[in-house]
Amino acid sequence: MDIVEYIKLVFSDYTLRTITLGTAVLGGVTGMLGSFAVLRKQSLLGDAISHAALPGIAIAFLITGSKDTNVLLIGALISGLIGTLWIRGITTKTHLKSDTALGLILSVFFGFGMLLLTFIQKQPNANQAGLDKYLFGQAATLVESDVWLMSIVTGLCLIVLLLFWKEFKILLFDKDYAQTLGFNTKFIDLLITSFIVLAIVLGLQTVGVVLMSAMLLAPAAAARQWTNSLGLMVFLAAILGASAGVFGTAISSTQNNLSTGPVIVLVASVFVLFSFIFSPTRGLLFKQIRLIQNRNDLEFQKTLAFMYHIIEDHEDSSHPHAIKILNNFQGYSRKGLRQLVNKNYVTLHGNMWSLTPAGVKAATNMYNQNLKDE
Amino acid sequence: MSSAQLEIQIIASLVAIACAIPGTFLVLRKMAMISDAISHSILPGLVIGFFITQDLNSPLLILLAALTGVLTVVMVEKIQQTKLVKEDTAIGLVFPALFSIGVIMIAKYANDIHLDIDAVLLGELAFTPFDRIYYDGFDLGPKSMWVIGIILLITITLLLAFYKELKISTFDAGLATSLGFSPAIIHYGLMSVASVTTVGAFDAVGAILVVALMIAPAASAYLLTTNLTKMILLACFFGVFSAVAGYWAANYLDASIAGSIATMLGVVFLIVYLFAPSKGLFAVLYREKQQRIEVSLITFILHLKNHHEVKERHVHHLNEHINWQKIRSKTVLNLGLKNNLFTIQHGIVSLTEKGNEFTTRAIDYIITNEDSQIEDMKDDFFLFRG
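Line by line, the protein sequences give chains A and B. Position 260 of the first sequence, counted from 1, bears residue number 250 in our numbering, the numbering being contiguous throughout. Converting from the second sequence to our numbering requires adding 1037 to each position, the first position being numbered 1.
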């Protein structure tokens, strides 16, 4: 299937269109909110919440006996929030650190959820089949109303973000300052956390419990590498998340037996890898290049400085010296020497070098600068 | 109780102990989430091992999976070293990616084998007694019991051999380095043990219960003691208790044993979290309330010391001037009276000699602002605490 054909299919085929739209919207909203999670150093909160939502789904089913997505999601939302609040309770009121609290809530809630799910399975006359799609996620089960729900939540989230933008920003970077300004930090905190929980709960159906945390983190971590501005980061993260959704769906739908969730996560991971390497200011590649440049620069200046020290004892600054002498000091590199010649600071005559007037000037300046810096 | 039931409980208890030991150190080293990462990311190792050997029982599978676990730790550290993201983000990026690779490999190439993802995540303790080892036709017991038993033996041996090193490098990495043993070796040793334990245990109990068994007992024990040896023993006790109690609860409810054990671990933690003598929620809240009242009392007697005029020392003045609620001022007054810091005559409060001395010292404390001094002073002067 070629690309044009695929794109045509996206517009004509109901299932494909729904899934593509759904994963795109989901990627967008998780990317947006994930930025806050990453910057607040709550990266693994998503993992914990997505696991903690499971008992809520089971309990909602046990109480109502319905498999209606909205009812189950409300259950998931409540139990996710309880998990989050308990995590906060553990970290603020005991000596246990946040990672312990996260791991504990994650595993215990999930275990409890499993207990309930298996309990439900053993119940007579319950049409429980399909509850376990929340474990691993099945994008194929998305229907139009789910996409609408996601879009509404995304819109709501956008409005709240825009309304409270200033508050969120201050809370992120300087909580104490936000408090002294009189903002209700607890409320803002709860607001953003609730939205993170909401986004995670929405994603459970599509990518499942285990992979939800990556959806939250990866776009944000990738976007972080390209910008230092919060607004731009949130925007980029949303775009990257949405693209991961679209591309992931496309790749998984063109192959047999490829589940959508993991593919989306892998696409998002590729984004992260790409950003880690190629981002211009923070990326590893350019950092390495800058490092090598600086090292060469240093070597170049070192050689020049040594030469200057040697000729300091001579009246005639252009008096030639053997290259070997440089070795008595901590050496020189061929490359550095060639650079010096190219800049016309040094002239080479066989194995002898001598500084040109331009070289002397540059060296004196460098020395002066050093003095000044001290 | 049938022999199969007994065997399940023994296996669960062995897993609980084998997890509690490395778990204690993970919790103390603030690396609890690493266990979650390892438990998920060993999946591709298992699948690749299966592709190579075509045998789900091959030891190579365990080896490869454990190696993937250590690889996860290394990858997390490498990403963290680039300083592009924080450690927790690094963890959150690595394990879902590896897990996704594992899931895709299973779905694509190994759809028809037993290695389905449900089993990987949840395990099935109930089936462990059926997978037995025979030697010369002689029944040696369930395979899981042997696997986890050997891992536990190795863990205990390593723990006893390197107890001192583990202890020092956990609490003071700098001291450990200066004493001449490398924290890096201890670190990777611990990670390897955690990784091997995860792999060995998850065949029986699944990935999530491994995480629960590593973190929850250690976290509960941490709230009860400050002694490392006691913490390890308590964690083992909580693990075994939850394993056995969880088994019977599952038996009663006819539900997942792993889920039931995890729930039991949660219940144990909840009880400890609420009622632990000095670090539990109620103890902490009580202490906070006590301190609030005592601080109020100190504020009040400082006010008394500053004012000799009768009007300023009237009881009603508390509510008007310092703006306290009625109940609060009553508590504060009672505490002061009980401790003989002041007397009240016709509604006028006056400091006693003891109160005077305490106030003078309290002012000294406020000026010099040395921490903890005020607590000592309270111990000296207060017969009753707030």
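Positions of the beta carbon are idealized from the N, C-alpha and C atoms, including for glycine. Keep in mind it's a predicted model, so treat the numbers as computed, not measured.
Item: Rounded separation between B:Thr1405 and A:Leu294 - CA only; Value: 57 Å
Item: Contact check, A:Ser97 vs B:Ala1299, beta carbons under 8 Å; Value: yes
Item: Local conformation of B:Ser1039 per DSSP, three classes; Value: coil
Item: For B:Phe1167, three-class secondary structure by DSSP; Value: helix
Item: Test: A:Ile80 CB closer than 8 Å to a CB of chain B; Value: yes
Item: Euclidean distance between Cα positions of A:Leu52 and B:Leu1322; Value: 35 Å
Item: Spatial neighbours of A:Thr175 in its chain, beta-carbon cut-off 7 Å, leaving aside the 5 residues before and after; Value: Leu161, Lys165, Ala168, Gln169
Item: Under 8 Å between C-beta atoms of B:Ser1095 and B:Ala1244; Value: no
Item: Buried/exposed call for A:Pro347, threshold 16 Cβ in 10 Å; Value: exposed
Item: Any alpha helix (DSSP H) of 4 or more consecutive residues that is wholly inside the stretch 1232 to 1281 of chain B; Value: 1244 to 1259
Item: Per-residue contacts from A:Pro310 into chain B (C-beta, under 9 Å); Value: The premise fails here: A:Pro310 is roughly 47 Å from chain B at the closest Cβ pair, so nothing lies under 9 Å.
Item: Secondary structure of B:Val1386, DSSP reduced to three states; Value: strand
Item: Cβ-based neighbour list, B:Gly1317, same chain, cut-off 8 Å, excluding 5 preceding and 5 following; Value: Leu1260, Val1309, Tyr1310, Leu1311
Item: Chain A contact residues for B:Thr1079, given Cβ-Cβ distances below 7 Å; Value: For the record, residue 1079 of chain B in the displayed sequence is Ile; it is not Thr. Those within 7 Å of B:Ile1079 in chain A number zero; the least Cβ separation is about 13 Å.
Item: Buried or exposed (CB count within 10 angstroms, at least 16 for buried), B:Gly1296; Value: buried
Item: Burial state of A:Glu134 (16 or more Cβ within 10 Å); Value: exposed
Item: Same chain, Cβ closer than 8 Å to B:Ala1399, five either side skipped, listed in chain order; Value: Ile1335, Ile1338, Leu1339, Ile1411, Met1414
Item: Where B:Val1122 falls: helix, strand or coil (DSSP); Value: coil
Item: Minimum C-alpha distance to B:Ala1238 - residue among B:Ile1185, B:Phe1132, B:Lys1180; Value: B:Ile1185
Item: Chain-ordered residues of the stretch 258 to 280 of chain A with a beta carbon less than 7 Å from chain B; Value: Ser259, Val262, Phe266, Arg272, Leu274
Item: Residue burial classification, B:Tyr1200 (beta-carbon count within 10 angstroms, cutoff 16); Value: exposed
Item: For A:His311, the three-state DSSP class (helix, strand or coil); Value: strand
Item: Beta-bridge pairing of B:Gly1178 - partner residues as DSSP gives them; Value: B:Ile1170
Item: Given A:Asn60 as reference, the closest of A:Thr20, A:Val19, A:Leu105, A:Leu132 once Cα atoms are compared; Value: A:Leu132
Item: Through-space distance from B:Leu1189 to B:Val1052, alpha-carbon basis; Value: 8 Å
Item: CB contact check: A:Asp37 to chain B, cutoff 8 Å; Value: yes
Item: Extent of the continuous beta strand (DSSP E) to which A:Trp343 belongs; Value: 342 to 345
Item: Nearest residue (CA-CA) to A:Gly36, options A:Asp3, A:Val199, A:Leu146; Value: A:Val199
Item: Residue of A:Gly79, A:Leu327, A:His85, A:Leu146 minimising C-alpha distance to A:Met297; Value: A:Leu327
Item: Neighbour flag for A:Gln215 against chain B, beta carbons, 8 Å; Value: yes
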